[in-house]
Amino acid sequence: MAEKITHSICVGGPIAIHTVDGVIRRIRPVVLDNNDPKGWTIKARGEEFTPTRKLQPGFIAMTEKNRAYSYDRIRYPMIREDFVETPDGQNRNTEMRGKSGYRRASWDEALDLIVREIKRIQGMYGKESVTAMTSSHHSWGNVGYKLSTFARFFRMLGYTEVKDNPDSWEGFTWGGPHTYGYYWRLGGTEAFDLLEDALQNVETMIMWSHDPDTTRGGYAGNESTMWRHWLNDLGVQFIYIDPFNNFSSVKQADKWLAPRPGTDAALCEAIAYVWLTEGTYDKEYIAKHGHRFDEWCDFILGNGADRLAKTPKWCEAETGIPAADIKAMARRWASTKTMGGSGMRGGFGGVCRTANGTEFARTMMLLFAMQGMGKPGQNVWSGSTGAPMDYDFWFGGYSDPLAQIANEPIADKTAVNSVTQKLYRTNLPEAILNGHYEWYGEGFCGGGIDLEFTEHIYPEPGCSKVHMFWRYGGTFMGTMLDTNKWVKMYQSSELEFVVNQDIHFHGEARFADVVLPACTNLERYDIGELCNSGNGGYQSHSQTGNSWQIVVFQDKAIEPLWESRSDYWIFAETAKRLGWGEEFTEGRTELDWCKRFWEKSDLCDRISWEDFTKKGYYIVPVPEDRIRRPGFCWFAEGYACDTPNHKPFQEEGKLGTFTGKFEFVSESLLYWAPHDEARTPIASYKRSWEGHHSIKARKYPFHLISPHPRFDYHTQHNSSTPWFWEIPENREYINGNPYLVARVHPEKAAEKGIKDGDIIELFNERGSVLCVARVTYRVEVNTIHAYGSSGVYNPVVPGEMSQDIGGCVNVLTPGRLMGDMVPGMAPNSTLMDVRKHEDCLPLGQMFEYKLDKVARG
Amino acid sequence: MANTIMIQHMFKKDGFYKAPDGKVYKIVVSEIWNLRAFEIQNGKMTGPMVKIHPESDLAKSLVEVE
Amino acid sequence: MRLGIAVDSRMCMACYCCFMACKDEHCGHDSALSAAQPMMGQKWIDVREWERGDSSRRVKTASVPTLCAHCKDPACMKAAKDGAVYKREGGVVIIDPEKSKGQKQIADACPIGVVYWNEELEIPQKCTMCAELLEDPEYLSYLGDRSLVKPRCVEACPNKALIFGDLDDPNSEISKLIASEKNTPLPGLEDEKTLVKWLNVPTVYLAGTVYQPKELDEVLPGAVVKLTCRETGETWQTESNYFGDWEVEWLPKNKNIEIVIEAKGYKPVTYSAFTDADHYVDMTYLAKA
């Protein structure tokens, strides 16, 4: 039994795949051999640091075999049992979506039906009446990515595009640019060479709403965990600020501060107050780089319009953190070389997904400015990016237009969408149900601050509403807002036809009329670079979150399982039936497309196609004589920007704000949104529209926080990989159902009569979720912590807006956006109550319900 | 460490430039470390990605075209 | 040569890579040395965790990846009949999947609970230290270097919490680590020589915070905190830090400890604490002398 070894990259990192007789035997990390290049070394404080000669995927990557053969794979094309193909699109039993079973169909039957419906609907209402939407990171690889194959198909078809909201870094996209620019990095900063800077200089790390061991650098697996061990061993002090003593904090924190959720901006203001009153900030830096600082000082010190001094005592009342601790924290920060930030790239983290998210993002940035951001050991850097890399090597990441099969030069001809009408993801259900929706902004808005203020209306004048919805990739039931409204949307007859194309039969797939089985990226060809989200694009050079830079030939390890097919095959077949198959494929197979990425990048200069596909990967060596250009140093020192991914104005030493400086009073907001109360020209803490000052708090006194999950990636693994349910901090398997862990403080648990391991109900006016209680001192006393992104969605009454036992806490989150002009979501501003569940448990119907007998086949 | 004016930004991203040999290039990446182009033939990007060293003769000889 | 694994609890982040790699290798696959692990229910390497502390003022977790220790004198072997448990050259303890059928007492005998009973096959099962892979010349031959072949859990660990090597070679990485770190055998294995060694598994800490008089809202760095255990005569001393926090780790379990907190210009404060578990002693507000 000869084993075949191939390689791939999954959202959990790169893997080696062992296959025997066409069946995957095991999944291993990529271990470097003696022919692979040397790793970088960093000399700091008398020691030398170099990475282990092995790639470090996260545990989710180790389960890719299990996930591929999972019990809940969609195995065959399926059509809803009571779907009727009426000629006018009416009377299709749409109210039964989510409840009805499915019958097995052939690919011909399913695709022919889809093509008939596309033609009918676009013929009746116009091209814009078809919409389609993806989840993020369905699977890794430049060919299969949503901006590549999916985008090529739908742009060629013509459709109403659904703009994504910047779901993981909301406050930074909508706040950061108004304070310090960097709109092209979506409000995040630059981390070039800051690992070396930190190892050499830093004394204190501020990990604000940051759990690096959980968020794993986005898609870098555990590539950076050793760096933080190194810093720990050098005696660097780690201060974690989070209402949950998160999984990095509980191992590593020298101090854990637990603010009441959503009050972090108040903490920022009180820290500033201490520095201003004690004179412990970098006055020279601020004089040179700050804009309208004095007005901000007045505001902090109590001489502003609100006449309220932002003292530590005031802050104690808001945040629950003792004033003495706030002062101690401010003094430690001011008196030592301090780096830090929020979330994995300095500009992420759960706080930025609260009602006050923009204001937190902005005030936190101002604090770093006040301590001379960009000077050695003083920067926004959160310990999970900024490793040395070879910037002189170019291979495209997923957000690079140059690295998508939708565009030249990878394609011979760029696919262009003929429809201008758009929708916005967070409020898609309202748009469909009400037939009308208005909003600001272009989604990510990386092209300029002005894009935050473009005005959209649905339907666009002269356009039709949408009547067909093609959903692709993982479920949103566990990631979007107030998600019961998605159930309502699906059951509306406004949507005459719904297709869902996914790998696993997760929550949202059950609402479709036609379900198409896509295969995993172990069952098809692709090519990609680890953690490269796009050079030149947003979060440019995110590969610096890795210890090793690696481009992988994602070889097809096995044939597609059951009757699943690659996304490319599905779209190519559909295009063929629509009459433009040849234009879609340009005559290329998936393997041909892979080779185009090699051909049109620097990879072809470094390694031959034959050697690359034989070995399976290419490690990009870091030159020994690399030049160090630490991020943001150019600005602090006042020379022309010399880091990659910069804009022309930075050559004059300027930031991307109107004034080119840190704007303590934002000129861009004064220009575009002077009266916006959620995001004011002076960044400031504001009481949340759903927080402890709300009237609602009298009825629903607990804050729910639902951060990015430790035991999953988006929604992709938990439902399909039962091994996850054996992790006690993740789920507990009771009565046939894997209940999600929700964390309750012992004090409140005692009040509510809740014991560790009890089934508890989390509820508010929007919904109800059953979880299993973990009684722990690791949560702030008023907070319930339950991870978001539940891939398991298991309503007690299928297809109804009923109690969920799958752990989809997103049904409790508010659909309200941050502000009238701030279209960001705020799931971490949720009020709710909790009680012990005394009734008998619902049956674990999920498994019988999900896999109807046809699908089991 | 201070840099003088970077030649990269004498080029506009997505702009077209002509070399003395008559070849026309479209600049697709214009950053420090990475000044990259594709040759344009019949309005299409063709051939491999061209790496232009910012201090090279080629860089200095390119002239913007409409 | 005795190949073994050092488990460094200090480095373990409870990332579950070892757990998943082990499942990936053994669930649903028979090997030369073992029957397939069931898809659910057994944890040949189990990341055992507990929360440390009784206050949100100071809370940590301990993580101890727990797998078969491969004892020199295994309790499971003593409990086994018909040679169902045997030791291989080098000391790896193996349960024969055929001879052990019906012998539940083998699973019950393990002092650390890492031998699992397979209801379906009626056999006891546990970690093989991937011996079947280590001795298979084909396994990872593509890497061209036998020194890169390790048990699956060790290979998957990103944190250097699991170290594999020769216990008999004093210069091996594992031997050096064992020599330099705190050796903390698991309860039940204190007197046993094992191929798996646990390091830095924490005992108990006491911690607190020192403040100036309450109305001042100020922490008090530099206060001297002295701990004494009358019973053993041991003493410990530390200082409050920039947050006013103090902490003493590695205290002996189940002892009465007396604590004195002193700072110049303030009245000293005393406490007594019992080290049955980790305790946050108090937010201590010192009064002016």
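Chains as they are written, first to last, in the working numbering: chain A, 1 to 857; chain B, 1001 to 1066; chain C, 2001 to 2289. Every residue, glycine too, gets a C-beta built ideally from N, C-alpha and C.
DSSP places TRP107/A in the uninterrupted alpha helix (DSSP H) bounded by 107-125.
Among the residues of the stretch 1027-1051 of chain B, those with a Cβ less than 9 Å away from any Cβ of chain A are VAL1028, VAL1029, SER1030, GLU1031, ILE1032, TRP1033, ASN1034, ARG1036, PHE1038, LYS1044, MET1045, THR1046, GLY1047, PRO1048, MET1049 and LYS1051, in the order of the chain. Runs of the alpha helix (DSSP H) lying entirely within the stretch 352-407 of chain A and spanning at least 4 residues, in chain order: 357-370.
The beta carbon of VAL2225/C sits closer than 6 Å to those of THR2238, TRP2246 and ILE2261, all from its chain and outside the five residues before and after it, given in chain order. Put simply, the stretch 300-307 of chain A does not touch the stretch 340-351 of chain A. Fewer than three CB pairs are less than 8 Å apart. Annotation for LYS2099/C: ASP2082, GLY2083 and ALA2084 place their beta carbon closer than 7 Å to its own, counting only its chain and skipping 5 residues before and after. Counting only residues of its own chain and dropping the five nearest sequence neighbours on each side, ALA272/A has a CB closer than 6 Å to the CB of ILE300. With a threshold of 16 other beta carbon atoms within 10 Å, GLU582/A falls short and is exposed.
Contacts with chain B (Cβ-Cβ distance below 8 Å) from the stretch 587-604 of chain A involve GLU599, LYS600, SER601, ASP602 and CYS604, listed in chain order. For CYS771/A, the enclosing beta strand (DSSP E) stretches over residues 767-775.
Fewer than three pairs of CB atoms, one per stretch, sit closer than 8 Å, so the stretch 156-173 of chain A makes no contact with the stretch 10-19 of chain A. Using a CB distance cut-off of 9 Å, HIS646/A counts as an interface residue toward chain B. It is roughly 53 Å from the alpha-carbon of ALA415/A to the alpha-carbon of LYS2060/C. Taking 8 Å as the cut-off between beta carbons, the residues of the stretch 2144-2165 of chain C near chain A are GLY2144, ASP2145, LEU2148, ARG2152, GLU2155, ALA2156, PRO2158, ASN2159 and LYS2160, in sequence order.
Of ALA2287/C, CYS2229/C, VAL2269/C and THR2275/C, the smallest CA-CA separation from GLU2218/C is found for ALA2287/C. For ILE5/A, at least one C-beta of chain C is nearer than 9 Å to its own C-beta. In its chain, beyond the 5 residues on either side, CYS2027 and GLY2028 have a beta carbon closer than 8 Å to the beta carbon of MET2039/C. Using a CB distance cut-off of 9 Å, TRP394/A counts as an interface residue toward chain B. For the stretch 694-724 of chain A, the full-length beta strand (DSSP E) segments reaching 3 residues or more read 702-705 along the chain. For the stretch 768-791 of chain A, the beta-carbon criterion of a distance under 8 Å to any beta-carbon of chain C is satisfied by THR776, TYR777, ARG778, VAL779, GLU780 and VAL781. Neighbours of VAL2059/C in chain A, taken as residues whose beta carbon is under 7 Å from its own, are ASN245, VAL250, TYR777 and ARG778 in chain order. Scanning its chain for C-beta atoms nearer than 6 Å, with the 5 sequence neighbours on each side dropped, one finds around ILE457/A the residues GLU438, in chain order. Under the 9 Å criterion on CB atoms, LYS485/A is classed as non-interfacial with respect to chain B. Using a CB distance cut-off of 9 Å, GLU316/A counts as an interface residue toward chain C. Going by C-alpha positions, GLU559/A is about 28 Å away from GLY2144/C.
Annotation for GLU1039/B: the continuous beta strand (DSSP E) segment containing it runs 1034-1041. By the Cβ test, the stretch 313-325 of chain A is in contact with the stretch 251-264 of chain A, since at least three Cβ pairs between them sit closer than 8 Å.
Between CYS2068/C and VAL2007/C the beta-carbon gap is near 12 Å, outside 8 Å, which marks them as no contact. It is roughly 10 Å from the alpha-carbon of GLN2125/C to the alpha-carbon of LYS2043/C. Contacts with chain B (Cβ-Cβ distance below 8 Å) from the stretch 378-407 of chain A involve TYR391, ASP392, TRP394 and LEU402, listed in chain order. Within its own chain, the residues whose Cβ lies closer than 8 Å to the Cβ of LYS288/A, once the five positions on either side in sequence are excluded, are GLY638, listed in chain order. Put simply, the backbone Cα of TRP486/A is about 6 Å away from that of PRO429/A. 9 Å or more divides the Cβ of LEU194/A from the Cβ of ASN35/A. If you draw a straight line from the Cα of LYS327/A to the Cα of SER384/A, it comes to about 27 Å. In its chain, beyond the 5 residues on either side, SER720 and THR721 have a beta carbon closer than 6 Å to the beta carbon of ARG67/A.
CYS463/A counts as buried, since no fewer than 16 other beta carbons sit within 10 angstroms of its beta carbon.
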